[in-house]
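Participant: For the sequence shown, the residue numbers in the working numbering are 8 to 137.
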Amino acid sequence: MNVDVNEDKDSLTIENIIFAGSGIKICIICRSKVHAGSVVMPKAARLDLLVLKRMYAPHGVRICTDHLWNDRLLPETKVNMENRQTRIAKLKLSIILQLFNNLLGLLQEASSAARLDFMNPCITNEDYLA
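Written out as structure tokens, the structure is:
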């Protein structure tokens with residue numbers, strides 16, 4: 008990840024991350040107009056977008072619930088890049104610090120989550136599918 012410090016505005020320019028946009032009238036993923044099935048994008052889903060798709064979405068953007076599962080972005084979700092300005096993300100240092108702390112929290116949550124033991128002979132196929 009290339010990071011340049013812009014001393015004039017006390018911000019960082021991240022070249023490998025695309026700014027997803029900040030509009031509240033369309034879904035940040037599929038670009039459809041906001042409807043009854045749209046919500047403010049949860050923090051965990053915004054972090055998923057950053058990690059999985061290398062796109063930064065600020066707080067307050069909207070998303071269709073079809074793209075979410077338990078407040079997380081579905082991994083197979085395709086982002087509509089039509090009519091989207093693909094400018095590089097330029098973020099304030101405070102936002103970078105907050106993102107870093109949120110990502111560390113996400114990693115800690117993932118490391119403490121229950122894991123499947125595929126070598127355990129006591130677990131049946133139904134247990135794995137549950």
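Just so it is clear, CB atoms sit at the ideal spot from N, CA and C, and this is done for glycine as well.
Predicted model only: the values in this text are computed from it and were never measured.
By the DSSP assignment, the alpha helix (DSSP H) with SER101 in it spans what residues?
Facilitator: Position 94 of the sequence shown, counted from the start, is the residue given in the question as residue 101. Unbroken alpha helix (DSSP H) run through SER101: 100-119.
Participant: What does the alpha-carbon distance come out to for the pair THR131 and ARG61?
Facilitator: Stepping through the sequence shown from its first residue, residue 131 is reached at position 124. Stepping through the sequence shown from its first residue, residue 61 is reached at position 54. Each residue's alpha carbon lies about 37 Å from the other.
Participant: Is the region 42-52 close to the region 76-85, with three or more CB pairs under 8 Å?
Facilitator: Output reads yes: the region 76-85 touches the region 42-52.
Participant: Along the chain, which unbroken stretches of the beta strand (DSSP E) at least 3 residues long are found entirely within the region 18-91?
Facilitator: The region 18-91 contains these whole beta strand (DSSP E) runs: 18-26, 45-47, 69-71.
Participant: Let me make sure I understand the geometry here. Which of ILE70, GLN105, ASN108 has the alpha-carbon closest to that of ALA27?
Facilitator: Walking along the sequence shown from the start, residue 27 turns up at place 20. It is ILE70 whose Cα lies nearest to the Cα of ALA27.
Participant: What separation, rounded to the nearest whole angstrom, lies between the Cα atoms of ALA121 and ASP55?
Facilitator: The sequence position of residue 121 within the sequence shown is 114, counting from 1. The sequence position of residue 55 within the sequence shown is 48, counting from 1. Rounded to whole angstroms, ALA121 to ASP55 spans 19 Å at the Cα level.
Participant: Am I right that ILE36 and HIS74 are in contact with their C-beta atoms under 8 Å? What's the rounded C-beta distance?
Facilitator: The residue given as residue 36 occupies position 29 in the sequence shown. The residue given as residue 74 occupies position 67 in the sequence shown. Correct: roughly 5 Å between the Cβ atoms.
Participant: Roughly how many angstroms lie between the CA atoms of GLN115 and LEU98, to the nearest whole one?
Facilitator: Here residue 115 corresponds to residue number 108 of the sequence shown, with the count starting at 1. Here residue 98 corresponds to residue number 91 of the sequence shown, with the count starting at 1. The straight-line gap from Cα to Cα measures roughly 24 Å.
Participant: Whole angstroms is fine: what's the gap from LEU59's alpha carbon to TRP76's?
Facilitator: Counting from 1 along the sequence shown, the entry for residue 59 is found at position 52. Counting from 1 along the sequence shown, the entry for residue 76 is found at position 69. Rounded to whole angstroms, LEU59 to TRP76 spans 15 Å at the Cα level.
Participant: Taking the C-alpha atoms as reference points, what is the distance between LEU136 and SER119?
Facilitator: Taking the sequence shown and counting its residues from 1, the one referred to as residue 136 is at position 129. Taking the sequence shown and counting its residues from 1, the one referred to as residue 119 is at position 112. If you take the alpha carbons of LEU136 and SER119, they lie about 21 Å apart.
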